[in-house]
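Note that my numbering has the sequence shown beginning at 449, numbered continuously upward.
Each remark here refers to the structure printed beneath this line.
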Amino acid sequence: MDREFSSSFGGEAAAGASCSRFHVRLVDEPPEYEPPPLAAGEDGVSHIQRFEFGFQNRGDSLRADGLYHPCDTLSSSYLKTFGHNTADRVPRIDFYRNTGSLSGVKINRPSLADLHEELKGDILSIPGTVDGVANGDGAVDAGRKPSANKDELVRFGWIKGVLVRCMLNIWGVMLFIRLSWIVGQAGIEFKKILMNISTINAAAITFGGMPFGPSCTAKARYPLDLHPRSGGAYYLISRSLGPEFGGSIGLIFSFANAVAVAMYVVGFAETVVDILKENNVLMVDPISDIRIVGCITVVVLLGITVAGMEWETKAQVVLLIILLIGIANFFVGTVIPSTIEKRSKGFFNYQAQVFVENFGPSFRDGESFFSVFAIFFPAATGILAGANISGDLKDPQAAIPKGTMLAIFITALTYIAVAICIGATVVRDATGSVNDTISALISCNGSAACTLGYDFSGCNTQMCSFGLMNNFQVMSMVSGFGPLITAGIFSATLSSALASLVSAPKIFQALCKDNIYKGLYFFGKGYGKNSEPIRSYILTFFIAVAFILIAELNTIAPVISNFFLASYALINFSCFHASYSKSPGWRPAFKFYNMWVSLLGTVLCCAVMFVINWWAAVITVAVVLSLNIYVIYNKPEVNWGSSAQAMSYVTALQDALSLTGVNDHIKNFRPQCIVLTGSPKSRPALLDLTLSFTKNFSLCICSQVFMGPRKQTVNDMNLSMDNYQQWLSRNKKKAFYAAVAGDNLRDGVKCLLQASGLGRMKPNTLVIGYKRDWRTANPQDVENYVGILHDAFDFEYGLIILRISQGLDISRILQIQEELQRKEEEKIALEAVKKDEQEHGKPGIRSLKFLNKAVKYSSNTLAVNAQKDFKISAGHASDFNQRLLEASTRFQMNQGKGTIDVWWLFDDGGLTILIPYLLTIRKKWCGCKLRIFIGGKLDSINEEKRAMAALLGKFRIQCADIKVVGDVNMKPSKESWKRFEELIEPYQLHEGSKDPATAEILLKQHPWKITDAELERFKDKTYRQVKLNELLQENSRSANIIVVSLPIARKEAVSSYLYMAWLEILSRNLPPVIMIRGNQKNVLTFYS
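Here it is, written out as structure tokens:
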């Protein structure tokens, strides 16, 4: 029997749902099993029922038919998925939201531990929990919920949100005031070329930069949130491509919009002044009047902007209707028969003679094709008007490409049509005098006006006021009803100025809030419920006023052209760079997007910049590069997933892969180290010494082994990875951090020795601190420590052991510091609360506010102080070992003049001499000279000294002195030997003084102890270590650091405690000692 089974994922209960996204027909119905009885609570309602009631509106409700699959788990912690109980969840958009998303609440999917670990009773008990981490972007806002009133979120479609806005901005001051002048200068032919270039450029910008329409899904930190925050194009670009590009674009784009306010206001003021001139009511003179009217206008616009812009969106359609009526009025006016007055001003309706005369260019007053283009190009800067409000669009992915491209197409046709109509109806020069007519009997000078009965030849010798070249209000003259054109000019200029006055501060505020440029953070403060950028409004106002005072539209327009072109070039290059980096997160949804179109847009913008004004372009490029370098140098603490990050990865990967094809050579050997620091902060001396010969030279990996229960250690390890790597970066430690989880230290280090590195960038040297507590430690810990040394040799690693008499581990001191910080924070917080209560008379919310501020302030202050150095106040000096603290930082300081004594006793391939040489070429160690000590025979000291000098000369290693020690194999003094015997006494088995049976039992009970046979077998080697300490005390007590060949213990032959006794007696009571043993392979060569 067939039956229908449906599961609803849209928030409705599965039971009784008539429609679902998944519809499954079960042909062979499985047998029904009787469910086990369900435990009921005190209220008599089963846990399953209670769970259903709690989540029935979340789209994952339980089945109500009482039927369960045989594999169903009836735990109350589980939700229904595909009709069965399971902790797994189906794909859902809320899982991918960011914490700061405005379009919905982010919820957590079950973690891997929830699915993989043993079942818990509280899994998914809070499926709507807001994620507590903002993924590096935005503050945690766990209490935020979606707005209950959906009417508050106003979203626009592609027509009202993009098309209308783009057309209003493109149909601006240039269409009504400057298009006629441009046609007069460039002619109809060149005007078409200008228009085509602008259209192609705008299209290239749009197509090339179109991923920023849907950039939230392209590469931003909000991959599925299609409603980003304020900031418009800057916000989209910066989140997609990082602060390097975003910071430069944000500053330049906001400045260009601020200057655009001045351009539109000056266009408005020119029209007003022309009306005043016609009525003979000028206040001072035309230039001064433009400044006065412009300043008054921008003050009024600022007041409207600060007061509130609710009416702006509703006014867009009205303004567009006025513009359309004005444009239609112009076309109607071209076919209305011209009057005598209009003919005297150069308007003759459509005339072939006029069209032919105006077809070619006639550049005057020093203008050229590109200078005219610079003035015209701001007409194309409105293409981002829709993208700038992407956060207010219903569907940015569809709206921005469709609306922007259609706006470009419509406005381009309009500009071309208006240019042809003007060029075919109005002559370039006209006197405006109705008496300048000529009779048919007089011979004509060949001009179009002359053939039409007018003599405007006087314009060749004196300035005329009418015609394409002289009158900026030609469209008003030609139109059927002039005031409609004036209304169109007013609506176009004021709406564009208002839009720019709003967008510039918003962009600048978003930039300031991101704190990319520290000095600009002051302007990021918002006021009111909408966080209005009042400070940015005022700054934009002053910038606009400064350019309004120029009072020359033809001077302001090229400035805007330069900065907008730079912004568009950066936008296109950013898209190209993001595509070229091949990041999987870069997924442009615009189907016509092509990375090479983006590159074409970049080239076009840059070329036009330099052609318009090469020196201004050079200045602009210098500013952009300076801003970019500033951001790269300061490295703001943001993580937006920039294309530079993606490109860095690709470059590093390609270099690493190419390195695998490079054969190793001894000349290129460099010590690549695994440093067993534990936490990088806990053994600073060990890390600092290693970095002294690896920094900017070779690989250094700080390693830590987490031991304990697997779940806890893995959690700790995952938390520490980023924290410690960031600590290394903040403290300028050129090293990587790696951590593993293991049952014990030795197993963890085995994993590190085998798996660390990548390709040729693989460690070859293990750096470890001397186990100072070996005499009091658990025997198994000593076995593991010595076992690590054996493992290093088994895996053919070089080995470096550092010993400082005060010790290396300062983790206890760090714990004391943390405790002191915590107490100081509590003290400051309590003082702040007490002060607040005294000021306000009662505790409460205000006290809590001050408490939070105090804790935050004290945390920041103490954290900064802790990073400066490790010193703690003298009052707490008794709580820790100050000498250990000072010793831990000794390798961070300049070592001054001194010596590095190298006891190169055994040839290990050259690592013992290479490490001290690398130290001497570092700035902190360059004052130290090498002194070489070698073992030899007393009867051949001079020969062996010359041989070593020759060898070092072959290696081109300079040293201050070479000393041959001939008594290395002699017996040590009785006092030294007695101290050694006292050292190993607690660890000797003494089986020789016991009967065989007892000795065998003791050996089984304490296999780690030193037997008499072992001590006798290695007596000579033991003598050598004790004697070497005497020689070191005699010759190297004053050295800055001692490097000595590390003795090797044979596996299964030398016990761990005997080997530790060798290392102890060898390095006791000395300056810092580095015991080194290479892997017996050459690391030095004198062959080229």
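Every residue gets a Cβ at the ideal spot worked out from N, C-alpha and C, and that includes glycine.
Straight-line gap, residue i to residue j (C-alpha atoms, nearest Å)
i: P432; j: D536; result: With the chain covering 449 to 1536 only, the question about residue 432 has no answer from this structure.
i: V1066; j: F1058; result: 8 Å
i: F970; j: L1075; result: 18 Å
i: A865; j: I625; result: 16 Å
i: S943; j: G751; result: 15 Å
i: L1463; j: D1112; result: 42 Å
i: H517; j: F543; result: Interpretation of H517 is limited by its pLDDT of 43, a score under 50 that renders its predicted location unreliable; the figure taken from the coordinates is listed afterwards. Going by the C-alpha atoms only, they are around 27 Å apart.
i: E1392; j: R1379; result: 15 Å
i: A1501; j: M1155; result: 29 Å
i: S1306; j: L1268; result: At S1306 the pLDDT is 47, less than 50, meaning the model places this residue with poor confidence; the figure from the coordinates comes in the next sentence. Approximately 12 Å, taken between the alpha carbons.
i: G1089; j: G1235; result: 43 Å
i: F693; j: E1085; result: 15 Å
i: I1252; j: I700; result: 56 Å
i: V748; j: I740; result: 13 Å
i: S792; j: Y798; result: 15 Å
i: S1259; j: K1129; result: 8 Å
i: A776; j: T862; result: 10 Å
i: D737; j: M711; result: 15 Å
i: A1005; j: P826; result: 6 Å
i: I1524; j: T1446; result: 40 Å
i: A896; j: K790; result: 15 Å
i: I1522; j: I1369; result: 18 Å
i: G609; j: A958; result: 21 Å
i: L1333; j: L1167; result: 27 Å
i: M1396; j: F1354; result: 13 Å
Range covered by the beta strand (DSSP E) that runs through residue i
i: G1383; result: 1376–1383
i: T1347; result: 1346–1351
i: V1123; result: 1121–1124
Top-ranked residue by Cα proximity to residue i, from the options
i: T1360; options: T1213, F701, I955; result: T1213
i: K1115; options: C898, N1530, V1188, I685; result: N1530
i: T1138; options: S1090, I1363, R1178; result: I1363
i: G1049; options: F1021, V1069, W1034; result: F1021
i: A717; options: V993, S1009, N1111, D1170; result: V993
i: G928; options: V804, I773, L946, C1053; result: I773
i: S1441; options: D1460, A1100, G1033, L1431; result: D1460
i: P1032; options: F1466, F824, G632, M1095; result: M1095
i: N919; options: I1004, T852, L1013, K725; result: K725
i: T934; options: P558, L623, S1504, D1195; result: L623
i: C1150; options: L1176, N1163, N1144, S786; result: L1176
i: V1413; options: R1472, A704, Y1365, G690; result: R1472
i: N1483; options: H1454, D1409, Y1535, E1423; result: D1409
i: S1515; options: S1504, I1489, Y1535, S1503; result: I1489
Distance CB(residue i)-CB(residue j) smaller than 8 Å
i: G1383; j: V1416; result: yes
i: I1513; j: F1428; result: yes
i: P1211; j: Q1120; result: yes
i: I441; j: F904; result: Absent from the model: residue 441. The displayed extent of the chain is 449 to 1536, so no value can be given.
i: G635; j: N806; result: yes
i: W1352; j: S1493; result: yes
i: A855; j: I1019; result: no
i: V766; j: A945; result: no
i: R603; j: K842; result: yes
i: A828; j: I848; result: no
i: S948; j: P1132; result: no
Unbroken alpha helix (DSSP H) run spanning residue i, endpoints
i: I1077; result: 1062–1082
i: G808; result: It is not in any alpha helix (DSSP H) - G808 carries neither H nor E in the DSSP assignment.
i: D1195; result: 1193–1203
i: A1005; result: 1001–1028
i: C1148; result: Element bounds for C1148: not the alpha helix (DSSP H) but the beta strand (DSSP E), 1148–1155.
Cutoff 8 Å: residue i Cβ touching any chain C Cβ
i: V866; result: Although the question refers to chain C, the structure presented lacks it and comprises just one protein chain.
*Which parts of the region 1216–1291 are runs of the beta strand (DSSP E), unbroken and 3 residues or longer, counting only runs that do not cross its ends?*
Counting only runs of at least 3 residues, the region 1216–1291 fully encloses the following beta strand (DSSP E) elements, listed from N- to C-terminal order: 1246–1251.
*Could you pull out every unbroken beta strand (DSSP E) segment of at least 3 residues lying fully inside the region 1407–1466, listed in chain order?*
1409–1413
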